[in-house]
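Notes for the one structure printed next.
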Amino acid sequence: MERLDILEKLVIPVVTGIGGYFVGRPKQKAEVEATNVENAGKVIDKWAAYAERLEKTIEQFGIVIEDLNDALQLANNERLACEKTLAKLKTKYHDLMQLYNELLLELQELKGRQHKKWIG
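Just so we're aligned, residue 133 is where the sequence shown starts under this note's numbering, counting upward by one.
The structure is reproduced here in structure tokens:
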């Protein structure tokens, strides 16, 4: 009977444990792989959402850049118009200063003649 007791208490649990290990191991691996696939899917979904948000942000920045380029073009056009106006005004100023100097010389000549008439 001793052998039967040893067999019952020692060998059967060991054999059952080994059998359970070999039977349960593939199931455990499958569960781990399923969990890994599920987690990878969640990560991919998060990155896809992040990429979509970034894409929308990039589109918005593109619109802002287009608006800024339009504003820059308008500012450059206004600058060119101002440069033309400034060039015209400088020419007019130069002409007026030349006329002023001519009139000033003429006035000085007239004053000199009047002064000579009174003296002489």
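Even for Gly, the Cβ is constructed at its ideal location relative to N, Cα and C.
A direct Cα-to-Cα measurement between K220 and I251 gives close to 46 angstroms. A straight-line Cα-Cα distance of about 16 angstroms links P145 and E134. One Cα belongs to W179, the other to A162, and the distance between them is close to 25 angstroms.
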